[in-house]
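Numbers given in our numbering equal positions in the sequence shown, counted from 1, plus 396. The structure appears below as structure tokens.
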Amino acid sequence: MRLYGVTGWKNSGKTGLMERLVTEITGRGFRVSTIKHAHHSFDVDQEGRDSFRHRTAGAHEVMLASRNRTALMTELRGEAEPTLDTLIARMAPVDLILIEGYKRDRHPKIEAHRGETGQPLIAPDDPTIRAVASDSRLSLDRPVFDLDDTAAIADFVLSEVGL
397 MRLYGVTGWK
407 NSGKTGLMER
417 LVTEITGRGF
427 RVSTIKHAHH
437 SFDVDQEGRD
447 SFRHRTAGAH
457 EVMLASRNRT
467 ALMTELRGEA
477 EPTLDTLIAR
487 MAPVDLILIE
497 GYKRDRHPKI
507 EAHRGETGQP
517 LIAPDDPTIR
527 AVASDSRLSL
537 DRPVFDLDDT
547 AAIADFVLSE
557 VGL
């Protein structure tokens with residue numbers, strides 16, 4: 397499957413860019429899935445729900461299913477966090493998987509950057525970052541896009557992955 401990442405520091409605009417890219421690329425007729433890395437504990441379930449009760453009773457995986465969607469929750473219970481490759485292998489085939497985060501993995505990425513955060517660019521020291529999307533003017537050895545120019549960024553990503 398074709399993969400492309402959006403990376404950057406906290407509050408750099410990653411999630412907004414991901415959301416706009418999914419809308420833009422699916423609007424062009426491609427099937428897109430996403431993977432989002434979280435650096436903290438999270439829970440997509442709600443206490444008191446049947447699925448929550450299944451998990452807290454000790455289930456390793458809980459699948460929720462309806463006519464509108466399915467969700468699979470896996471409790472790691474002390475096991476190591478799955479690698480990105482392991483997660484990708486579990487996903488259904490699509491045209492493109494967009495990956496938010498995973499800045500240290502080796503897939504191609506675009507860096508989201510907001511000047512107001514004061515964070516340095518990751519791109520100069522990371523060859524997997526093929527372009528930067530920023531709200532500031534930058535001079536780099538790779539393409540720089542306006543952070544809000546979703547169509548141009550989508551064109552670049554689709555070209556990079558051969559779609």
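All C-beta atoms in this analysis are idealised placements derived from N, C-alpha and C, irrespective of residue type, glycine included. Only a predicted model underlies this, so the values are computations on that prediction, with no experimental measurement involved.
Quiz item: To which residues of the same chain is Val-418 closer than 7 Å at the C-beta, ignoring the five residues directly before and after it?
Solution: Excluding sequence neighbours, Val-418 sits near Val-428, Thr-430 and Leu-494.
Self-check item: Distance CB(Thr-524)-CB(Trp-405) smaller than 8 Å
Solution: For Thr-524 and Trp-405, no; Cβs fall outside 8 Å.
Quiz item: What did DSSP end up calling Phe-552 once you bin it into helix, strand or coil?
Solution: Here Phe-552 carries a helix assignment [DSSP, helix/strand/coil].
Practice problem: Check each candidate in Arg-398, Leu-399, Met-397 and Thr-403 and name the one with the smallest Cα separation from Ile-518. | Solution: Ranking the options by Cα distance to Ile-518, first place goes to Thr-403.
Quiz item: Quick one: is Met-459 buried, meaning 16 or more other Cβ sit within 10 Å of its Cβ, or exposed?
Solution: Classification for Met-459: exposed.
Quiz item: For the candidate residues His-436, Glu-496, Pro-504 and Ala-461, whose alpha-carbon lies nearest to that of Asp-446?
Solution: Measuring C-alpha to C-alpha distances from Asp-446 to each of His-436, Glu-496, Pro-504 and Ala-461 identifies Ala-461 as the nearest.
Quiz item: At what residue ranges does the region 432–487 contain a whole run of the alpha helix (DSSP H), taking only runs of 4 or more?
Solution: Taking only runs of at least 4 residues, the alpha helix (DSSP H) segments lying wholly in the region 432–487 are 446–453 and 480–485.
Quiz item: Which residues share a DSSP beta bridge with Val-540?
Solution: When DSSP reads this structure, Val-540 sits in a beta bridge with Val-528.
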